[in-house]
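Residues in the sequence shown are numbered consecutively from 229, following the working numbering. We put the CB at the ideal spot given by N, CA and C, even for glycine. Just so we're clear, the structure is a prediction, and the values are computed from it rather than from any experiment. So the structure is just underneath, and the comments pick up after that.
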Amino acid sequence: MTNKKLSQSSDLAEYSFMPSDSNVNSGKEERVYLSPHDDHMDTTEGRDKAEEEEVCGWLSCRPTPLQRFRHPAWVLVLLCWAGAIQGMVVNGFVNVVISNIERRYDLTSTETGTIASCYDIASVLCLIPVSYFGGLGCKPRYLGIGILVMGLGSIVFALPQFTSGLYSFTGTDVTYCVAGSNATACTHKDSLSSYKYIFFLGQLLHGAGASPLYTLGVTYLDENLPVRSSSMYIGIYYAFAIVGPAIGYLAGGAFLNIYVDVNKVETDSLTLTPSSPRWVGAWWIGFLLSGLLAFLVAFPMCGFPTKLPGSEKFKKEREKEVYHRKDPGRGTEREGEENPQVCNARTILSSVKTLVTNPTFMFLNLAAACEGNLLAGFATFAPKFIEAQFSLQASSAAQYVGYAAIPAGGGGTFLGGYLVKRFNLGVKGIIRFCLVISIPCFLCVLIFLISCQNVLFAGVNVNYGETASNGTRSFIGKFTTSSCNADCGCTLENYNPVCGIDGIMYYSPCYAGCSQSIPDTDPVQYQNCSCVTSDPGAPLPAYMAMTGKCESSCDMLPLFMAVFFFIMFFTFVISMPALSATLRCVPQHDSSLALGIQWIIARCLGSIPGPILFGKMIDLTCLLWQRKCDDNEGSCFFYNNRNMSFNLMGIALAGKFLSILFFSLSLVFYKASPKAEKENAQTDAVTKVTKANGDSGIGRSRETSTSSITNGTTQSDVNKNDPGKTHTTKL
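Next comes the structure, spelled out in C-alpha cells:
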C-alpha cells in the first residue's frame with residue numbers, strides 16, 4: 229500500500245496515513261480514525277473551535293504572552309505541585325497530627341480513624357462522576373476546580389484552631405495536696421469533641437478535590453505527549469506524589485514542636501514543653517500553608533486549554549498502535565471507545581459481568597483490599613503507636629515513621645515494577661512473586677510480639693505504696709486513690725503527671741500527695757509528697773517528684789523500626805506487580821473498567837474501614853480515659869502497651885494471611901487463553917534452543933534466531949503468520 233496524503237489549505241496541518249511495516253507484509257491496511265473536527269477543518273467554524281481549544285486563558289481573557297505556556301512541561305509542573313500537596317496533606321500531615329488532635333479536642337482513636345477514612349469515602353463517591361464528566365469536558369478546568377476544593381478542605385481542617393479558644397491543658401492551675409480539703413467542683417466546659425464534624429468535612433473535601441488528580445491528570449498528560457515521552461512525564465508526576473508524604477512527615481513533626489496557640493499567647497511564659505504529656509503542637513500550620521499553596525496552583529491550572537498543540541498528531545500515533553478488532557461477544561466494533569458519548573448500558577453491564585465472574589480478577593481485588601486495609605491503618609496510627617509504646621514525643625514519632633515509610637514506599641514500588649520487567653513475568657509469574665514476597669512480610673509482623681513494658685502508674689497498674697523495684701504491673705480495673713491522698717481534695721480534671729523518686733508515675737502532684745513545689749527548677753520539682761515512698765539510690769531526696777512521665781527503659785526502638793521498614797517495603801514491592809496482574813488477567817478493552825472496580829473494592833473493603841478498625845483496637849487497650857464533668861470520656865491518657873501490640877499484630881497477621889490466601893486462590897483459578905498457552909509453549913522451546921546454542925558457543929540471541937523451531941515451524945514463519953508478534957519468556 230502506498231502512502232496517502234490528505235491535502236488541505238496552507239494553514240492546515242498535513243495528515244499522513246502510514247501503515248506499519250508488519251501490515252505491509254501481511255497485506256492488511258490499517259484504519260486510522262480522524263477526530264470529529266477533521267472533516268470540517270477548512271471551515272471558519274472548525275478553525276475557530278480548534279483555536280479556542282488550544283488557547284490558554286480564562287473566559288474571554290486570553291493574553292498573547294500567556295500562550296508560551298501551552299506546553300505539557302508546564303502542565304507537569306503544576307500537576308507535580310498539586311500531587312506533592314495532596315500527598316503532603318493526606319498521607320503526611322493528617323497522620324502526624326492524629327494524637328495531638330485527640331488530645332486537643334477530646335477525641336477517641338476510633339473517631340480520628342474515621343477522620344482519616346473520610347478521604348477515601350469522598351474519593352469513592354466522586355470517582356465515577358468526575359472521571360466521566362471530566363473526560364467529556366475540559367480536563368484542566370476540572371483539575372483546577374479539584375485542586376481548589378482540596379485547598380478549601382485544608383483551610384476547613386485548620387478552622388477549629390481559630391474557633392475553639394485557648395488550649396487549657398490542666399483545667400485550672402496546678403493543685404497541691406491540702407490536708408482536710410474537699411475536692412473542688414468540676415469546671416464545666418463546652419465540649420470540643422463536636423469539632424470532629426469539621427474534621428470530617430475537611431477530609432471529605434480533600435478526597436473530593438483530589439479525585440481528578442490521578443485520573444484526569446494522567447489522561448491529560450498522556451493525550452498531549454508523544455508515546456515515548458508519556459511514561460517519563462507520568463513517572464515524574466508520581467515521583468512528586470511520593471515526595472509529598474515525606475515533606476508532610478518531616479515538616480509536620482517540626483510544626484508539632486511549636487506550641488498550638490503560638491498565635492494567641494506568649495510562649496515564654498508556658499510551663500509546658502514538647503516532652504510534657506499534655507503538650508499539643510501547632511498541628512494546624514501545615515494545613516493552612518498547604519491550602520494557600522493549593523490556591524496558587526488551582527488558578528493557573530484552570531487556564532490551560534482542552535487540548536494542547538499537537539494533540540491530534542499524538543492521537544493518530546496512538547491509533548496506529550491500537551489493535552482494531554471485532555468484539556467476539558457482540559460482533560461489532562466498539563465504537564464507544566472512539567466516542568465516549570456513545571455509551572450503552574447493556575455493554576457496561578456485560579463488561580461488569582465478565583469481570584466479576586473472573587475469579588482471578590476478583591481474588592486479586594480482595595488481596596488488594598487486605599493490603600490497603602493494613603497500609604491505611606498503619607499509615608494513620610503508626611506514629612501514635614510508636615509515641616505510646618516507646619514514650620516518645622509526637623514530633624519524634626512522626627519523623628521516625630517518615631524516615632522508614634517513605635524510602636520503603638518509594639524503593640519498594642520501584643523494585644517491584646523493575647523485577648517484573650527484568651524477568652518479564654507473566655500473570656502466573658507475577659502472582660507467584662507476590663506470594664513469595666508476602667511470606668517474609670507475614671513473618672515480619674511477629675515483631676509486635678515484642679512490646680515495651682508500661683511505666684508504673686499509681687492507681688492504674690500498680691498500688692500506692694509500692695516502688696519500681698517491688699511493684700507489680702497489673703490492671704487494677706479503675707483509677708483508685710489511697711489514704712495518702714484521700715484528704716487532699718484532688719480532682720481528675722487536672723491531669724498533670726509527675727514521676728516520683730520511687731519510679732512510680734502519679735496522675736498529678738495532688739494525687740502524689742505533694743504539698744508544694746521547689747521554685748526555679750526545670751523540670752519543676754515537688755516536695756513533701758506523702759504518696760511517694762523512699763527508694764534507695766533515687767536521684768532525689770525522699771518524698772519528692774518531678775513533673776512529666778517517668779522515662780521508659782525500653783531499648784527496642786531500633787529493632788522495631790528496622791523490621792517496620794521491611795514490613796512497609798515488602799508491602800509496596802508487591803503493589804505494582806499486583807496491579808500489572810490485574811490488568812493482564814482481564815480483556816484489554818475492559819482494563820479501565822477493571823481498574824475502576826478494583827479501586828472501589830480496595831477502598832470500600834480496605835482503606836476506608838482500615839483506620840477505623842485500627843483506631844477501635846487501640847481504644848480497647850486504654851487503661852485511663854479522660855473524665856469530663858458530665859462523666860463522658862475524652863481522649864486516652866494511658867494505654868496498655870502489651871495489649872496494643874497484640875491487637876495490632878492480630879489485625880496485621882489476619883490481613884497478611886487473607887492476602888496470601890487470595891493470591892493463592894487467584895493463582896489456582898487463573899487459566900490463560902489457548903493462544904497464550906501456545907505462545908508460552910513456543911517461547912519455552914525457543915528459550916531452550918537458544919540456551920543450548922549458547923552452551924555450545926554459538927551465542928545467538930533468541931530474538932534474532934532463525935532456527936529455533938517448534939513443531940517444524942521456523943521463527944521467521946511465526947513472525948510471518950503473526951506479524952509484529954514479539955516472543956518473550958513468561959514465567
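- The beta-carbon separation of Phe-523 and Phe-685, rounded to 47 Å, does not stay under the 8 Å limit for a contact.
- As computed with DSSP, Val-525 is found in no beta bridge at all.
- In this structure, DSSP gives Arg-855 an extended state, which the three-state scheme calls strand.
- Put simply, the backbone Cα of Gly-645 is about 12 Å away from that of Gly-463.
- The Cβ neighbour count for Tyr-370, taken over all protein chains shown within 10 Å, is at least 16; the residue is labelled buried.
- For Gln-431, same chain residues with a beta-carbon under 6 Å away, outside a window of 5 residues either side, are Ile-343, Cys-346 and Tyr-347 in chain order.
- Within a 10 Å sphere around the beta-carbon of Ser-873 sit 16 or more other beta-carbons, which makes this residue buried.
- Approximately 30 Å separates the beta-carbon atoms of Gln-681 and Asn-860; this is outside 8 Å, ruling out the contact.
- With contact defined as three or more Cβ pairs closer than 8 Å, the segment 634-641 and the segment 819-833 are not in contact.
- DSSP links Tyr-487 through a beta bridge to Gly-509.
- Taking 8 Å as the cut-off, the beta carbon of Val-358 is found no closer than this to the beta carbon of Leu-433.
- Between the segment 715-731 and the segment 886-898, the count of Cβ pairs shorter than 8 Å is below three; the stretches do not touch.
- With 16 or more other Cβ atoms from the protein chains shown falling within 10 Å of its own Cβ, Gln-617 counts as buried.
- In the three-state reduction of the DSSP assignment, Glu-861 falls in the strand class, which pools E and B.
- The beta carbon of Ile-665 lies closer than 7 Å to those of Phe-798, Val-801 and Ile-802 in the same chain, with the five residues before and after it left out.
- CA-to-CA, the gap between Leu-364 and Ile-326 works out to about 39 Å.
- Contact check between the segment 301-311 and the segment 584-604: fewer than three CB pairs, one atom from each, fall below 8 Å, which does not count as touching.
- The three-state reading of DSSP puts Ser-288 in coil, since its state is none of H, G, I, E or B.
- The segment 518-535 makes contact with the segment 366-382, as at least three CB pairs between them are under 8 Å.
- Per the DSSP secondary-structure output, Thr-391 pairs with nothing in a beta bridge.
- Closest in C-alpha terms to Gly-514, from the list Met-316, Cys-308, Ser-736 and Pro-837, comes Met-316.
- DSSP places Phe-397 in the coil class of the three-state scheme, outside both helix and strand.
- Its Cα nearest to that of Tyr-461, the residue Pro-300 stands out among Tyr-395, Pro-300 and Phe-670.
- Three or more Cβ pairs closer than 8 Å define a contact, and the segment 474-482 meets that threshold against the segment 621-630.
- In this structure Asp-783 is exposed. Its beta-carbon is surrounded by fewer than 16 other beta-carbon atoms within 10 angstroms.
- Note on geometry: alpha-carbon atoms of Leu-500 and Leu-484 lie some 13 Å from one another.
- Rounded to whole angstroms, Val-406 and Ser-743 show a C-alpha spacing of 7 Å.
- In the three-state DSSP reduction, Met-796 falls in the helix class (H, G or I).
- By DSSP's assignment, Phe-866 forms a beta bridge with Leu-852.
- Between Ile-349 and Gly-435 a beta carbon distance of about 7 Å is seen, short of the 8 Å cut, so the two are scored as contacting.
- For Ala-625, the closest of Pro-502, Ile-840, Val-814 and Pro-668 by C-alpha to C-alpha distance is Pro-502.
- In the three-state scheme derived from DSSP, where H, G and I count as helix and E and B as strand, Met-784 is classed as coil.
- Annotated three-state conformation of Gln-621 is coil, per DSSP.
- Considering only Ser-887, Tyr-898 and Lys-899, the residue with the shortest C-alpha distance to Ala-596 is Ser-887.
- Setting aside the 5 residues that flank it on each side, Leu-429 is surrounded in the same chain by Val-384, each with a C-beta closer than 7 Å to its C-beta; the list follows chain order.
- For Ser-497, there is no enclosing alpha helix (DSSP H), since its DSSP letter is neither H nor E.
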